[in-house]
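Here UniProt numbering is used: the first residue of the sequence shown is 1, the next is one more, and so on. From the three backbone atoms N, C-alpha and C, an ideal C-beta is built for every residue, glycine too. Each remark here refers to the structure printed beneath this line.
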Amino acid sequence: MTLVLFLLFCQGLERKMMKLFMVMMLVMGGWVRHWRVMANAAVSVNEGDNKEPFELLCKIYNVAQHPPIKPVDTKEYQKIVDDIDALSAAANGKEGVKTQSEETKSAQTQLVGITRDAHKLLDEIKRINPEREAEMARNALNQVIFGEHGKEGDLSPGTLNGVRGRMAACGSRPLDKKGESAGKNLVVDFFCLCAKHDEAEGVDNVCGVSVGNGKDSGWDGVKLVSQDTLWDEVKNGCGTFAKQGVTSTQDGYSLHREFMAKVKAGGKVKVTNTETVPKHGMLGTAVSDTGNSNFHCNGKKAVSTTRVNVGSGVCVFYGTHHQEQNIEWLKKFKEGLQLIDKLNTETASWQHQL
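Have a look at this one:
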């Protein structure tokens, strides 16, 4: 009897184990199908993919837009020296003050020396011309944003001069050299990184904010549409992600280092059926079927399959060598910071001496 019960128990256990095995196989089969679909799914540039580099450029824009220059006015120094002259004249009896005390004579002698030093310092200030130095620094940082002949409110003549189609400007395969206009100024780089291509092939809010709707404003393969609108949207977006206002040169140098590290590390390339790989010398996001150089920075979100498979990207490519020399606005950014440091040091010294 005991043996019969034992055999029945074993048969029941075997049936339960078989059911459990069947369930596990079904679950595992589902996982396999899921991952197969994931592996074969087309890669795409998505909303928010370029948010991080956009925020970094916004911080650099803020420093360039609000130069950390200490107030400087030669007229104020002139007024201080005039006051010293008046005091010296009064103390030396030219305005009716006469005395024979040794203490006063000593003070008068010291005041004569102070007056002489003040005039010498004022001559040095006028020779250096701090207002001119401040203007040079502002001009350098203006070029960071708009380029050599560009300015706010009028982008066409200088800022976007020579900017051709998006691929040529931002970078095209095999990406053995930088895009023609990559690094020309921040406006161009912002547009490469964020402007929507068109309604069909573009990416909404790729930088985390709207920069063009792909219809009335944007950058397709040929021309920029409503560039002033695009620029306004970039600035509004920067106001969302980056604190606006007072900065310091130390902030600027830190951002310079962070930017170079970001470019050297590279942007993201989503490769079909494999993992994401970096593309050194690039900011932004791209997609490719075959590798990390088989794509254009054309603003499109998916691999083109018209004749041959060619990758796409919302990106800007600065080249793989001598990036700091390749990026015009970055050189101007460093130049502007150095001019400001020099001027601020001089200003602090003059204020201390006077």
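{"Query": "The segment 234-247 touching the segment 273-284, judged by at least three CB pairs closer than 8 Å", "Result": "no"}
{"Query": "Counted within 10 angstroms of its Cβ, other Cβ atoms place T285 as buried (16 or more) or exposed", "Result": "buried"}
{"Query": "Cβ-based burial, C297 [other Cβ within 10 Å; buried from 16]", "Result": "buried"}
{"Query": "Three-state secondary structure (DSSP) of S44", "Result": "coil"}
{"Query": "Candidates K300, E152 and N129: closest to residue 387 by CA position", "Result": "This structure cannot settle anything about residue 387, because the visible part of the chain is limited to 1 through 354."}
{"Query": "Sequence-distant residues of the same chain with beta carbon closer than 6 Å to G266, five excluded per side", "Result": "P278, K279, H280 and M282"}
{"Query": "Strand pairing of F295, partner residues [DSSP]", "Result": "G311"}
{"Query": "Candidates L87, A42, A137 and K178: closest to K342 by CA position", "Result": "A137"}
{"Query": "Inter-residue CB distance, G183 and E328 (contact presumed, cutoff 8 Å)", "Result": "5 Å"}
{"Query": "V206 versus E131: straight-line alpha-carbon distance, rounded", "Result": "41 Å"}
{"Query": "Where T285 falls: helix, strand or coil (DSSP)", "Result": "strand"}
{"Query": "For G218, three-class secondary structure by DSSP", "Result": "strand"}
{"Query": "Exposed unless 16 or more other CB atoms sit within 10 angstroms - verdict on N273", "Result": "exposed"}
{"Query": "Buried/exposed call for L255, threshold 16 Cβ in 10 Å", "Result": "buried"}
{"Query": "Reference V303; option with closest CA among T115, P53 and E201", "Result": "E201"}
{"Query": "Which of helix, strand or coil DSSP assigns to G153", "Result": "coil"}
{"Query": "Inter-residue spacing [alpha-carbon to alpha-carbon] between L160 and N185", "Result": "9 Å"}
{"Query": "Inter-residue Cα distance where the pair is G252 and I60", "Result": "7 Å"}
{"Query": "Cβ shell of Q227 (< 6 Å), same chain only, five flanking positions each side left out", "Result": "L155"}
{"Query": "Presumed contact (8 Å Cβ cut-off) between G48 and G208, rounded CB distance", "Result": "5 Å"}
{"Query": "CB of S181 within 7 Å of CB of V188, strictly", "Result": "yes"}
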